[in-house]
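**Q** Heads up: the sequence shown begins at 793 in my numbering, then just goes up one per residue.
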Amino acid sequence: MGKQGALYLALGLLLGVSVSLAAWLVSEIQRPTHFALGQTAMGEGVMTMATGQISGRGNADALYMYDQKLQKLAVILVNNNNLEVVAIRDMTWDWKIPSYSAGKQIPDPREMKKAAKDLGN
793 MGKQGALYLA LGLLLGVSVS LAAWLVSEIQ RPTHFALGQT AMGEGVMTMA
843 TGQISGRGNA DALYMYDQKL QKLAVILVNN NNLEVVAIRD MTWDWKIPSY
893 SAGKQIPDPR EMKKAAKDLG N
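#1: CA-CA distance, residue 800 and residue 881?
#2: By the three-class DSSP mapping on this structure, what secondary structure does residue 844 have?
#3: In this structure, how does DSSP classify residue 838 when only helix, strand and coil are distinguished?
#4: State the start and end residues of the unbroken beta strand (DSSP E) segment that holds residue 864.
#5: Cα separation between residue 872 and residue 798?
#6: Rounded to the nearest angstrom, what separates residue 875 and residue 855 at their Cα positions?
#7: Can you say whether residue 908 is buried or exposed, counting buried as having 16 or more other CB atoms within 10 angstroms of its CB?
#8: DSSP three-state label for residue 900, please.
#9: Just to confirm my understanding: we take residue 810, look at its own chain, exclude 5 residues before and 5 after, and list those with CB closer than 8 Å. What are they?
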């Protein structure tokens, strides 16, 4: 299996887990809401999930999933017992930006990255 086949397999597994989890969420909608803001839900700590709402989508709830190994972000909408994959994004290039500070963050993100790297040595 080539790299592309492995990627399709991984995305298929991610989608399968997403649909299963979203179906479970739909079944839980009638129960009191317990919010989980970003908790690791799989072994090895590679999958992070959070719930919330998407603005402009009415009463729709959203499931945000991030796979740290594949660096993929998925947003799934749960509305009226329906599931809709809103977006899937490859975050690889997003993490390669050397510095971005829209609000003039101090210290600069490059300095923070260097300090974090220095702590690891």
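All C-beta atoms, glycine included, are put in the ideal place defined by N, C-alpha and C.
Remember, predicted model here, so these are calculated numbers, not experimental data.
**A** Here's the rundown:
#1: 14 Å
#2: strand
#3: coil
#4: 864-871
#5: 34 Å
#6: 10 Å
#7: exposed
#8: coil
#9: 855, 857, 866, 868 and 877
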